[in-house]
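The opening position of the sequence shown corresponds to residue 23 in this note's numbering, with each subsequent residue numbered one higher.
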Amino acid sequence: MNANVGYHRREILRAGLTGFASLSLGNLLKARSCAQLAENARRDDSSPAVRLKSSRRTAIILVWLRGGASHLETFDPKPQAPVEFRGIYRSIPTNVPGIHVSELLPRLSAMADRYALVRSLSHTGGGHPAGSLQVLGGDPDAADKPGPVFPDWMSVVSALRAHQAGDIPNYVAVNPVDNYDNFVIAGPTHLGTRCDPFKVVGDVSLPDFQVPNISLDPHAAARLPARRTLKQNLDRLQRQVDDTMEFEAVDSFEAKAIQLLTSPTARAAFDLSLEPTQVRERYGLNQWGQQLLMARRLVEAGVDVIATEFDGPLCGRVANW
């Protein structure tokens with residue numbers, strides 16, 4: 023067994039609820055912290071989290087390509103440049119006058135009025151890790167470092183909208199954006215692990231792929247109400263000798279875990295088999311295409327932020343660069 027493999031809190035709750043295990047003090051304190059944050063947001067009418075309630079709902083899908091695609095072969099073909107600089111692919115006009123894209127993107131050329139190309143985005147990092155930290159977390163340091171100092175923007179959104187989460191956590195990572203080789207490029211840092219994403223790891227295009235921690239087998243599901251009732255009765259005894267607020271926080275925290283385990287909405291959002299075959303084929307019957315399809319379904323299910331990364335082996339040796 024790999025001693026470095028940890029267990030996420032939903033996995034612990036899942037084992038506890040189906041096997042009647044108790045929560046550790048660490049989880050009690052973590053749950054109390056989450057409950058306090060939500061309570062503060064409700065009481066403070068001036069908090070950003072409360073102000074967001076009146077705003078139009080938005081959602082963001084971060085499509086993260088490590089190193090990025092070549093600009094010349096995608097959205098910045100430089101049609102006026104000599105062929106030795108612009109490359110072998112020609113540019114084609116879009117449905118927006120004055121904007122050209124590569125001939126490799128004919129479908130995107132027909133809908134340029136529905137997206138924005140931001141050409142002013144840049145960073146001062148000397149390497150991919152530092153550049154990633156600047157883009158994701160706003161770190162001004164141009165030097166590569168082992169991990170982030172500032173929380174990434176996905177975690178910040180998760181914190182600000184924590185009270186708005188429904189059956190599914192408001193930040194989901196489909197193959198998370200977290201590492202670049204041996205460097206950690208994203209994370210909640212001082213916001214705490216409560217702002218970590220719900221992680222879906224693996225090839226979602228495989229027929230037997232299952233998202234962990236969102237379902238129970240039929241026997242466990244049938245036993246869950248009785249087990250929870252028994253646990254609540256024992257909790258009442260504990261409350262008589264413990265007048266802190268820890269159990270109130272645990273109740274809320276545990277309820278969210280049960281909601282994720284038993285919610286039809288959660289199961290449906292992650293179940294790509296519910297999509298018509300034609301739609302799945304249009305996205306591409308491969309890992310990358312199906313990740314993006316899952317991201318779209320999560321937005322439709324009410325998730326605020328979805329981060330998805332497609333990684334693979336490097337083309338050539340790093341030393342060549």
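Note that CB positions come from ideal geometry on N, CA and C, so glycine has one too.
Any idea if Met133 is buried or exposed, counting beta-carbon neighbours within 10 angstroms, 16 or more meaning buried?
Translated into positions along the sequence shown, residue 133 becomes position 111. That one is exposed.
Is Asp166 near Ala184, with beta carbons less than 8 Å apart?
Taking the sequence shown and counting its residues from 1, one reaches residue 166 at position 144. Taking the sequence shown and counting its residues from 1, one reaches residue 184 at position 162. Not closer than 8 Å, so no.
Considering only the alpha carbon of each residue, which of Val325, Gly311, Glu95, Pro115 lies closest to Gln186?
Within the sequence shown, the letter at position 164 stands for residue 186. When only C-alpha atoms are compared, the closest one is Val325.
Quick check: the Cα distance between Leu94 and Leu126, rounded to an integer number of angstroms?
Walking along the sequence shown from the start, residue 94 turns up at place 72. Walking along the sequence shown from the start, residue 126 turns up at place 104. Roughly 11 Å separates the two Cα atoms.
Only counting the same chain, and skipping five residues up and downstream in sequence, which positions put a Cβ closer than 8 Å to that of Arg141?
Position 119 of the sequence shown holds residue 141. If we look at Arg141 and ignore the five residues flanking it on each side, its Cβ neighbours are Asp98.
Go through the segment 109 to 138 residue by residue and report every complete run of the beta strand (DSSP E) that reaches 3 residues or more, in order.
The qualifying runs are 113 to 115, 122 to 124.
In this structure, how does DSSP classify Val223 when only helix, strand and coil are distinguished?
The residue you call residue 223 lines up with position 201 of the sequence shown. In the structure shown, Val223 sits in coil (DSSP, three-state: anything other than H, G, I, E or B).
Can you list, in chain order, the residues of its chain whose CB lies under 6 Å from that of Gly188, leaving out five sequence neighbours each side?
Counting from one through the sequence shown, the residue named residue 188 turns up at place 166. Taken in chain order, the residues that qualify are Gly324.
Under the three-state reduction of DSSP, which class applies to Ala288: helix, strand or coil?
Within the sequence shown, residue 288 is the residue found at index 266, counting from 1. The answer is helix: DSSP assigns Ala288 an H, G or I state.
Put Val105 into one of helix, strand or coil per three-state DSSP.
In the sequence shown, the residue the question calls residue 105 occupies position 83. Reduced to three states, the DSSP call for Val105 is helix.
Using the C-alpha atoms, what's the distance from Ala103 back to Leu84?
Residue mapping note: residue 84 aligns to position 62 of the sequence shown, counting from 1. Residue mapping note: residue 103 aligns to position 81 of the sequence shown, counting from 1. Each residue's alpha carbon lies about 31 Å from the other.
If you count every other CB in all the chains shown that lies within 10 Å of the CB of Ala290, and 16 or more means buried, which is it?
Numbered from its first residue, the sequence shown carries residue 290 at position 268. Exposed is the call here.
Residue burial classification, Pro128 (beta-carbon count within 10 angstroms, cutoff 16):
What you label residue 128 is simply residue 106 of the sequence shown in a count that begins at 1. So Pro128 counts as exposed.
Going by Cα to Cα distance, which pick from His212, Asp293, Cys217 is closest to Phe231?
Residue mapping note: residue 231 aligns to position 209 of the sequence shown, counting from 1. Comparing Cα-Cα distances from Phe231 to each of His212, Asp293, Cys217, the minimum goes to Asp293.
For the beta strand (DSSP E) containing Thr330, list its first residue and its last residue.
Start at 1 with the first residue of the sequence shown, and residue 330 comes out as number 308. First-last of the beta strand (DSSP E) with Thr330: 327 to 331.
With DSSP as the reference, identify every bridge partner of Ala195, one or two as the case may be.
The sequence position of residue 195 within the sequence shown is 173, counting from 1. Per DSSP, Lys221, Ala329.
Measure from the alpha carbon of Gly147 to the alpha carbon of each residue in Ser295, Ser285, Ala164, then state which is nearest.
Residue numbering aside, residue 147 sits at position 125 when the sequence shown is read from its first letter. The option with the nearest alpha carbon to Gly147 is Ala164.
Is Ser274 helix, strand or coil by DSSP?
The residue you call residue 274 lines up with position 252 of the sequence shown. Confidence at Ser274 is low in this model, with a pLDDT of 48, below 50, so the placement of that residue is unreliable and no value is reported for it.
Distance check for Ala317 and Val199, CA to CA, integer angstroms please.
Position 177 of the sequence shown, counted from the first residue, corresponds to residue 199. Position 295 of the sequence shown, counted from the first residue, corresponds to residue 317. Distance between the alpha carbons of Val199 and Ala317 is about 14 Å.
Just reading off the alpha helix (DSSP H) that Val301 is part of, what are its end residues?
Reading the sequence shown from its first residue, position 279 is the one you call residue 301. Following the DSSP letters along the chain, one finds Val301 inside the alpha helix (DSSP H) bounded by residues 299 to 305.
Expected contact under 8 Å - CB spacing of Phe220 and Tyr193 to nearest Å
Against the sequence shown, residue 220 aligns to sequence position 198. Against the sequence shown, residue 193 aligns to sequence position 171. Yes, Phe220 and Tyr193 are in contact; Cβ-Cβ is about 7 Å, under 8 Å.
Go ahead and pull the three-state DSSP assignment for Val157.
Stepping through the sequence shown from its first residue, residue 157 is reached at position 135. The answer is helix: DSSP assigns Val157 an H, G or I state.
Segment limits, alpha helix (DSSP H) that includes Val179
Working through the sequence shown from its first residue, we reach residue 179 at position 157. Unbroken alpha helix (DSSP H) run through Val179: 175 to 182.
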